[in-house]
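Protein chains in written order, with the numbering used here: chain A, 1 to 177; chain B, 1001 to 1177.
Laid out in structure tokens, this is it:
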């Protein structure tokens, strides 16, 4: 099957690094986290890589822009990205900082809503992109592999949810009865 | 195949309501949310229900207990459940309130860590339970159905993550540069 090499909208100015198949070692570091469930086999993570394209961002490049459309997930391979969100009063808060192996943009991939935060490279950053179209194709053609990809995203989101909910607790004034 | 009717550890005192196949309408209300991806067919959600058991909790019953082990997901069918978490200073905060169609316990299902919060029925509450063992079986036997189940959990977690991150923002003191 053929894999598109057209740059994603918004990434035209970035360096195109081709298929994630050129980044097998970096992607393996990401997918080996799947411990509680059956992990990726070598052929599965190599297949997974075929469905992703890679890009290179310079320091200061905006990878995702809060409030815009976009239905793809970003996996950071090298470098560092700041995740920032407008707090509703015009101030931009640093929500978190993501390094190699971190995911960005998974919320819009799943719910199709606008980007929740902006992601700016604070170092030269290479990253892989998984679009919803490619995810749908994996589900259609390799449903068992798709389960592992979805579990990987679920593990990431679980970790984020534990973290943000703990950080959110002080904002709750009332005690439970 | 046979489906276990042994009550889950911790639920021995609750009313056993049998397979979720008896709650097709309620479960359908939950699974029809899967709009951006291919949804559940009638036979798929009916199959999904076969893998879940249902229980009835009385007002005041603790369904999940913060800090304990447990690797199953709860889908609230009727009633209402308060989700409460110790804030680390001995105070119990009301994190959220969940009604019919809401999920509980998805974090431990995915990462195997201890229960993050306690869930107490504030009304007589019927609920369905999906264990990690059953989820693994679905992935093995019906991988395409498993894709949809995982997407459903992902959609729920995405919604929670948008909500808690927004609520957490005021706790971030420093502005991004």
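Ideal placement from N, C-alpha and C gives every residue a C-beta, glycine not left out.
Just so it is clear, the structure is predicted and the values come from calculations on it, not from any experiment.
State yes or no: is the C-beta of residue i within less than 8 Å of the C-beta of residue j?
| i | j | result |
| --- | --- | --- |
| residue 92 of chain A | residue 84 of chain A | yes |
| residue 1112 of chain B | residue 1046 of chain B | no |
| residue 1160 of chain B | residue 1121 of chain B | no |
| residue 1146 of chain B | residue 1052 of chain B | no |
| residue 115 of chain A | residue 65 of chain A | yes |
| residue 1081 of chain B | residue 1015 of chain B | no |
| residue 109 of chain A | residue 73 of chain A | yes |
| residue 245 of chain A | residue 1158 of chain B | No statement about residue 245 of chain A is possible, as the shown extent of chain A runs from 1 to 177 and does not include it. |
| residue 104 of chain A | residue 76 of chain A | yes |
| residue 1037 of chain B | residue 86 of chain A | no |
| residue 100 of chain A | residue 26 of chain A | yes |
| residue 55 of chain A | residue 9 of chain A | no |
| residue 118 of chain A | residue 164 of chain A | no |
| residue 1162 of chain B | residue 143 of chain A | no |
Looking at the strands, I want to know which residues DSSP matches up with residue i.
| i | result |
| --- | --- |
| residue 92 of chain A | A:86 |
| residue 19 of chain A | A:53 |
| residue 62 of chain A | A:120 |
| residue 72 of chain A | A:131 |
| residue 179 of chain A | Absent from the model: residue 179 of chain A. The displayed extent of chain A is 1 to 177, so no value can be given. |
So residue i and residue j are supposed to be a Cβ contact under 8 Å. How far apart are they, rounded?
| i | j | result |
| --- | --- | --- |
| residue 155 of chain A | residue 33 of chain A | 6 Å |
| residue 170 of chain A | residue 1166 of chain B | Not quite, the Cβ-Cβ distance comes to about 15 Å (not below 8 Å), so this is no contact. |
In chain C, which residues lie with their C-beta within 8 Å of the C-beta of residue i?
| i | result |
| --- | --- |
| residue 1171 of chain B | Absent from the structure is chain C; the protein chains it does hold are A and B. |
Query - Whole alpha helix (DSSP H) elements within the stretch 97–146 of chain A, 4-residue minimum - result: 106–111 and 132–141
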